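A short write-up of the structure that comes next.
Number of protein chains: 2
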Amino acid sequence: MLHIHKVSEMTGVTVRTLRHYDHIGLLQSSSKTEGGHRLYNHTDLKKLQQIQFMKKIGFRLNEIKNMLNSSDWDWSDSLKKQLSYVKKEQESLSKIESTLRELIHGMAMEDESNEIAIQKVMQLANNDKELQERYRKSMFEERELKLWKKVPNMTSDQPDTLEWIALIGQLKRFIHEDPGCSNVQNIIRRMDEKRAETFGGETEFLDKLWDVRMSEKQSEQLGLYPIDQDVLEYMNAAYEIFIGKKG
Amino acid sequence: MLHIHKVSEMTGVTVRTLRHYDHIGLLQSSSKTEGGHRLYNHTDLKKLQQIQFMKKIGFRLNEIKNMLNSSDWDWSDSLKKQLSYVKKEQESLSKIESTLRELIHGMAMEDESNEIAIQKVMQLANNDKELQERYRKSMFEERELKLWKKVPNMTSDQPDTLEWIALIGQLKRFIHEDPGCSNVQNIIRRMDEKRAETFGGETEFLDKLWDVRMSEKQSEQLGLYPIDQDVLEYMNAAYEIFIGKKG
DNA sequence: CTTGAAACTGACGTTACGTCATTTTGTATA
DNA sequence: TATACAAAATGACGTAACGTCAGTTTCAAG
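Heads up: the protein sequence lines correspond to chains A and B, in order.
Position 189 of the first sequence, counting from 1, maps to 189 under the numbering used here, and the rest follow consecutively.
Residues are numbered in the numbering used here as their position in the second sequence, beginning at 1, plus a constant of 247.
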């Protein structure tokens, strides 16, 4: 049983905001003193955490209200989505980082490559917005989570799955560039590290990979994660290079 | 010379927003057609990028206006701050990530450690706000940048300096854990990669490292970057392990 | 039983745009 | 050169999510 100021302190949400949320029926304290002071409990905090996250990815308060009120809301599910969002954000940030470095590096010389980099930073910042939109949509449409469940030998209950999806997603973005370039090779390295954790030997990993491809090619109804053919091919090429460098 | 729609496309800022910025005098297009259509050039884009970043860390539009108008505004300086901010955000996100993983992991069992984790996530999200405040302040107070200039043989003109600071900052967080653990070793690996880029041989790197320690111990007035003694010792230990594994 | 900090309830203010409605401008085509 | 039609412009009003008073009531500590 926490009074409003304590909750504000703990969460960084202002007192006024908490009262506002009460007013609009988004988050009513589970109990009150006789005099009408709000008293929050642990469940209220859970709800507040949800609200914070959903706000962060761009939902409006009334949208959040509707979602939290809908009976089949799944807190565990939401957490997984948060995790997956955080990972994407990290990707986005590291891109921004390298572009900023380019910019800083080439700052002295006022040339054209500079102008391109500026646009890149802004587009990347924009990426964030698209990311948020994607996640907002995925909150409603269950499709994405269902897809994840289709990755063979990796249910979405294993948090690693999310990372795999993220890594594959990253690869996709470089598909028109050299599979030997450092960006791609770094991704592959991370994949290989994950592979070592998750599976056993190298052959097994490649087998799984091909399994996926075959199934996707043969039929979507086998219920596997649909990785595009070209992505798989690209991934394979990059992996070959990686092995070559390593061995 | 870009018309408003093109700029909007390139940057993800809506047309309405651009007009709004013009209206309040925050960003006026450098030229116009005879009929009054706004035409933006490269300098305008630079300015817009600044605005985007400053908005992201929580400035109000009129504050931004004042800062950009103040004659001694330094675009290069601002970029460095952006980079440093991005790195801090990454740290913050990776903390959030691991806490989310904790939460997801312990979701089945409805116990107390769970409640603590929830509070942790929220406090971490709150970190962001504090981060933003810190950076807003550092925009005015030059202190931070001055500190960076004190790292020997690395002026803040070398963008790598920022990464060093960030890496050292990361190390600090693990100082009570095993210097051989993978998190720490990954940081060290990145340091070693940076070292190879920046300096030459291994010995030289270690020499520099000791230089720093000696000077810090002897006197702060030599104007060096203050790395805590214990961090240095920890870093050294971790590095030794790294070398051991590598060689 | 008092008393000062903290909570409460309106009510109006503010920021940063979104959303019409209506009018002009620029340019590709007949 | 005329015309049409997308895209730009300018108000004006709307809105979401609180911030900021102002005046009142409740609570816990002495």
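Beta carbons are placed, not taken as given, at the ideal position from N, Cα and C, and that holds for glycine.
Note that this is a predicted model, so its numbers are computed, not measured.
Would you say residue i and residue j are within 7 Å of each other, going by their C-beta atoms?
i, j, result
"Arg285 (chain B)", "Ile251 (chain B)", "yes"
"Ser276 (chain B)", "Tyr287 (chain B)", "yes"
"Ile304 (chain B)", "Tyr382 (chain B)", "yes"
"Lys376 (chain B)", "Thr346 (chain B)", "no"
"Leu378 (chain B)", "Lys335 (chain B)", "yes"
"Ile175 (chain A)", "Tyr239 (chain A)", "no"
"Gln90 (chain A)", "Leu371 (chain B)", "no"
"Asn126 (chain A)", "Gly259 (chain B)", "yes"
"Glu362 (chain B)", "His42 (chain A)", "yes"
Note down, in chain order, each residue of its chain lying with its Cβ closer than 7 Å to the Cβ of residue i, except the 5 sequence neighbours on either side.
i, result
"Leu68 (chain A)", "Lys47 and Gln50"
"Ser466 (chain B)", "Note that Ser466 (chain B) scores 27 on pLDDT, short of 50, meaning its location in the model is unreliable; the coordinates nonetheless yield the value given after this. No residues qualify anywhere along the chain."
"Tyr332 (chain B)", "Ile304 and Tyr382"
"Ser78 (chain A)", "Gln50"
"Ile243 (chain A)", "none"
"Lys342 (chain B)", "Leu371"
"Trp320 (chain B)", "Met314"
What are the residues that DSSP puts in a beta bridge with residue i?
i, result
"Lys32 (chain A)", "A:Arg38"
"His3 (chain A)", "A:Leu39"
Kindly list, in the order they appear in chain A, the residues whose Cβ is closer than 8 Å to that of residue i.
i, result
"Glu338 (chain B)", "In chain order: nothing, as chain A lies at least about 10 Å away."
"Ser341 (chain B)", "Gln90"
Skipping 5 residues on each side, what residues in its chain have a beta carbon closer than 6 Å to that of residue i?
i, result
"Lys328 (chain B)", "none"
"Ile64 (chain A)", "Ile51 and Met54"
"Gln158 (chain A)", "Residue placement at Gln158 (chain A) cannot be trusted, given a pLDDT of 34 that sits under 50; what the coordinates show is reported in the next sentence. Closer than 6 Å at the Cβ level, and outside the excluded window around Gln158 (chain A), lies no residue."
"Leu350 (chain B)", "Ala364"
"Trp210 (chain A)", "A caution first: Trp210 (chain A) carries a pLDDT of 44, below 50, which makes its placement in the model unreliable, though a value can still be read off. Contacts found: none."
"Ala484 (chain B)", "Pro426"
"Glu256 (chain B)", "none"
"Leu2 (chain A)", "Tyr40"
"Ser31 (chain A)", "Leu39"
"Asn186 (chain A)", "none"
Quick one: list the residues of chain B neighbouring residue i, beta-carbon separation under 9 Å, in chain order.
i, result
"Ala125 (chain A)", "Thr258, Gly259, Gln296, Gln299, Phe300 and Lys303"
"Gln185 (chain A)", "Per Cβ cutoff of 9 Å: no residues; Gln185 (chain A) is ~13 Å from chain B at best."
"Met122 (chain A)", "Met257, Thr258, Gly259, Val260, Leu292, Leu295, Gln296 and Gln299"
For residue i, which residues from the same chain have a beta carbon less than 8 Å from its beta carbon, with the 5 sequence-adjacent residues on both sides left out?
i, result
"Trp322 (chain B)", "Lys293 and Gln297"
"Thr33 (chain A)", "Leu39"
"Leu274 (chain B)", "Leu265, Tyr268, Asp291, Lys294, Leu295 and Ile298"
"Ile271 (chain B)", "Leu308, Asn309 and Lys312"
"Lys393 (chain B)", "At Lys393 (chain B) the pLDDT is 34, less than 50, meaning the model places this residue with poor confidence; the figure from the coordinates comes in the next sentence. Cβ within range, chain order: n/a, list empty."
"Thr261 (chain B)", "Ser255"
"Cys428 (chain B)", "Phe421"
"Val184 (chain A)", "Leu171, Phe174, Glu177, Asp178 and Ala238"
Strictly below 7 Å CB to CB, what residues from chain B border residue i?
i, result
"Ile297 (chain A)", "Coverage of chain A is limited to positions 1 through 247, which leaves residue 297 (chain A) absent and any answer about it impossible."
Who are the neighbours of residue i on chain A, taking C-beta pairs under 9 Å?
i, result
"Glu344 (chain B)", "Leu83, Val86, Lys87 and Gln90"
"Lys496 (chain B)", "Nothing about residue 496 (chain B) can be read from this structure; chain B reaches only from 248 to 494."
Consider the C-beta atom of residue i and the heavy atoms of the ligand SAM; say whether any pair is separated by less than 6 Å.
i, result
"Leu350 (chain B)", "Absent from the structure shown: the ligand SAM. Ligands present: none."
By the criterion of Cβ-Cβ separation under 8 Å, what are the contact partners of residue i in chain B?
i, result
"Ile104 (chain A)", "Ser323, Leu326, Lys327, Leu330 and Pro406"
"Glu115 (chain A)", "His289 and Leu292"
Please list the segments of the alpha helix (DSSP H) lying wholly inside the stretch 71-108 of chain A, counting only runs of 4 or more residues, in order along the chain. 75-105
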